[in-house]
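Heads up: the sequence shown begins at 5 in the working numbering, then just goes up one per residue. Glycine included, C-beta positions come from ideal geometry on N, C-alpha and C. Report on the structure given below.
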Amino acid sequence: MKREYKLYIRDIHDSIVKIDEFVAGMNYDKFSKDTKTSDAVVRRLEIIGEASKNVPRDVKLKYKTIPWADMSKMRDKIAHDYFGINLMIVWKVIREELPGLQSGIAEILRQMKEKV
(Lines of atoms letter the chains of each structure in order from A and count residues from 1; the text may use other names and numbers.)
(Lines give C-alpha, C1' and ligand atoms only; values in the text may rest on other atoms or scores of the structure.)
Protein backbone atom coordinates (compact mmCIF):
# COMPACT_ATOMS: atom_id res chain seq x y z
CA MET A 1 0.00 0.00 0.00
CA LYS A 2 1.41 3.34 -1.07
CA ARG A 3 1.76 6.04 1.53
CA GLU A 4 -0.13 9.29 1.19
CA TYR A 5 2.04 12.03 -0.34
CA LYS A 6 1.49 14.29 2.66
CA LEU A 7 3.49 11.84 4.74
CA TYR A 8 6.44 12.22 2.37
CA ILE A 9 6.29 15.98 2.76
CA ARG A 10 6.25 15.47 6.53
CA ASP A 11 9.30 13.18 6.17
CA ILE A 12 11.15 15.96 4.35
CA HIS A 13 10.30 18.47 7.06
CA ASP A 14 11.20 16.09 9.89
CA SER A 15 14.54 15.25 8.28
CA ILE A 16 15.43 18.93 7.93
CA VAL A 17 14.60 19.46 11.60
CA LYS A 18 16.74 16.46 12.57
CA ILE A 19 19.68 17.70 10.50
CA ASP A 20 19.41 21.08 12.21
CA GLU A 21 19.46 19.34 15.60
CA PHE A 22 22.41 17.14 14.62
CA VAL A 23 24.63 20.06 13.61
CA ALA A 24 23.55 22.56 16.27
CA GLY A 25 26.60 24.37 17.63
CA MET A 26 28.94 22.82 15.07
CA ASN A 27 31.23 24.43 12.55
CA TYR A 28 32.47 22.68 9.41
CA ASP A 29 35.67 21.45 11.02
CA LYS A 30 33.84 19.74 13.87
CA PHE A 31 31.18 18.36 11.49
CA SER A 32 33.75 16.90 9.09
CA LYS A 33 35.57 15.12 11.92
CA ASP A 34 32.41 13.75 13.55
CA THR A 35 31.64 10.65 11.49
CA LYS A 36 28.55 9.78 13.50
CA THR A 37 26.99 13.19 12.83
CA SER A 38 28.03 13.40 9.18
CA ASP A 39 26.68 9.89 8.54
CA ALA A 40 23.38 10.79 10.23
CA VAL A 41 23.10 13.97 8.16
CA VAL A 42 23.87 12.14 4.92
CA ARG A 43 21.20 9.55 5.77
CA ARG A 44 18.64 12.31 6.37
CA LEU A 45 19.56 13.95 3.06
CA GLU A 46 18.94 10.58 1.44
CA ILE A 47 15.50 10.43 3.08
CA ILE A 48 14.72 13.96 1.85
CA GLY A 49 15.64 12.98 -1.70
CA GLU A 50 13.74 9.71 -1.65
CA ALA A 51 10.66 11.35 -0.15
CA SER A 52 10.77 14.08 -2.81
CA LYS A 53 10.57 11.40 -5.50
CA ASN A 54 7.25 10.25 -4.04
CA VAL A 55 5.54 13.63 -4.13
CA PRO A 56 3.06 13.68 -7.05
CA ARG A 57 3.84 15.80 -10.10
CA ASP A 58 0.79 18.04 -9.62
CA VAL A 59 1.98 18.94 -6.12
CA LYS A 60 5.48 19.68 -7.44
CA LEU A 61 4.00 21.91 -10.12
CA LYS A 62 1.91 23.75 -7.54
CA TYR A 63 5.00 24.44 -5.40
CA LYS A 64 7.57 25.30 -8.06
CA THR A 65 9.86 27.16 -5.66
CA ILE A 66 10.77 23.89 -3.94
CA PRO A 67 13.86 22.34 -5.60
CA TRP A 68 12.27 18.90 -6.03
CA ALA A 69 14.69 17.76 -8.75
CA ASP A 70 17.75 18.92 -6.80
CA MET A 71 16.63 16.98 -3.73
CA SER A 72 16.21 13.86 -5.83
CA LYS A 73 19.60 14.32 -7.51
CA MET A 74 21.30 14.76 -4.13
CA ARG A 75 19.81 11.46 -2.98
CA ASP A 76 20.99 9.69 -6.12
CA LYS A 77 24.49 11.10 -5.73
CA ILE A 78 24.65 9.93 -2.11
CA ALA A 79 23.20 6.49 -2.81
CA HIS A 80 25.30 5.72 -5.88
CA ASP A 81 28.53 7.54 -5.03
CA TYR A 82 28.62 7.09 -1.25
CA PHE A 83 32.42 6.74 -1.22
CA GLY A 84 32.84 10.08 -2.96
CA ILE A 85 30.65 12.27 -0.74
CA ASN A 86 32.16 15.72 -0.36
CA LEU A 87 31.37 16.87 3.17
CA MET A 88 32.03 20.50 2.25
CA ILE A 89 29.18 20.30 -0.26
CA VAL A 90 26.99 18.62 2.34
CA TRP A 91 27.85 21.40 4.81
CA LYS A 92 26.97 24.10 2.25
CA VAL A 93 23.64 22.38 1.59
CA ILE A 94 22.95 22.34 5.34
CA ARG A 95 23.82 26.00 5.82
CA GLU A 96 22.69 27.55 2.54
CA GLU A 97 19.87 25.41 1.15
CA LEU A 98 18.04 23.75 4.03
CA PRO A 99 16.83 26.91 5.82
CA GLY A 100 14.89 28.07 2.74
CA LEU A 101 13.71 24.56 2.01
CA GLN A 102 12.46 24.21 5.57
CA SER A 103 10.41 27.40 5.20
CA GLY A 104 8.91 26.25 1.92
CA ILE A 105 8.05 22.78 3.18
CA ALA A 106 6.58 24.23 6.39
CA GLU A 107 4.34 26.45 4.25
CA ILE A 108 3.14 23.44 2.25
CA LEU A 109 2.34 21.64 5.51
CA ARG A 110 0.39 24.67 6.76
CA GLN A 111 -1.62 24.83 3.54
CA MET A 112 -2.32 21.10 3.64
CA LYS A 113 -3.54 21.37 7.21
CA GLU A 114 -5.98 24.13 6.23
CA LYS A 115 -7.49 21.87 3.57
CA VAL A 116 -7.93 18.87 5.86
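1. On a CA-only basis, which of ARG7, ILE13 and ASP80 is nearest ILE70? Give me that one, please.
2. What does a CB cutoff of less than 6 Å around ILE52 pick up in its chain, not counting 5 residues either side in sequence?
3. What alpha helix (DSSP H) runs, 4 residues minimum, are completely inside the region 59-104?
4. Taking Cβ positions, are VAL45 and VAL21 nearer each other than 8 Å?
5. So, MET78 versus LYS10, is the Cβ gap smaller than 8 Å?
6. Roughly how many angstroms lie between the CA atoms of VAL120 and ASP80, to the nearest whole one?
7. Whole angstroms are fine: how far does the CA of ILE112 sit from the CA of ARG48?
8. Starting from the C-beta of ALA102, find all residues in its chain whose C-beta is less than 6 Å away, skip the five residues before and the five after it, and write them out in chain order.
9. For LYS6, which option in ASN58, ARG114, ILE109 and LEU91 has the closest C-alpha, if you only look at C-alpha atoms?
10. To the nearest angstrom, report how far apart ARG114 and GLY104 are at their CA atoms.
11. From ASN90 to ASN31, what distance separates their C-alpha atoms?
Answer, in terms of the structure:
1. On the sequence shown, residue 70 is found 66 positions in, with the first residue counted as 1. Among ARG7, ILE13 and ASP80, the Cα nearest to that of ILE70 belongs to ILE13.
2. Residue 52 sits at position 48 when you count from the first residue of the sequence shown. Same-chain partners within the cutoff: ILE16, SER19 and MET75.
3. Counting only runs of at least 4 residues, the region 59-104 fully encloses the following alpha helix (DSSP H) elements, listed from N- to C-terminal order: 61-66, 72-84 and 91-96.
4. Within the sequence shown, residue 45 is the residue found at index 41, counting from 1. Within the sequence shown, residue 21 is the residue found at index 17, counting from 1. Cβ atoms of VAL45 and VAL21: not closer than 8 Å.
5. The residue labelled residue 78 in the question sits at position 74 within the sequence shown. The residue labelled residue 10 in the question sits at position 6 within the sequence shown. Taking 8 Å as the Cβ cut-off, MET78 and LYS10 do not qualify as a contacting pair.
6. As a working note, residue 120 is residue 116 in the sequence shown. As a working note, residue 80 is residue 76 in the sequence shown. Below a pLDDT of 50, predicted positions are generally treated as unreliable, and VAL120, at 41, falls in that range; the measurement from the model is reported next regardless. Distance between the alpha carbons of VAL120 and ASP80: 33 Å.
7. For the purposes of this step, residue 48 is taken as the residue at position 44 of the sequence shown. For the purposes of this step, residue 112 is taken as the residue at position 108 of the sequence shown. Using only the alpha carbons, I get a separation of about 20 Å.
8. Working through the sequence shown from its first residue, we reach residue 102 at position 98. For the sequence presented, residue 102 should be read as Leu rather than Ala. The residues are ILE20.
9. Within the sequence shown, the letter at position 2 stands for residue 6. Closest by alpha carbon: ASN58.
10. The residue labelled residue 114 in the question sits at position 110 within the sequence shown. The residue labelled residue 104 in the question sits at position 100 within the sequence shown. If I take the Cα positions, the gap works out to 15 Å.
11. Your numbering for residue 90 matches position 86 in the sequence shown. Your numbering for residue 31 matches position 27 in the sequence shown. When the Cα atoms are used, ASN90 and ASN31 turn out to be separated by approximately 16 Å.
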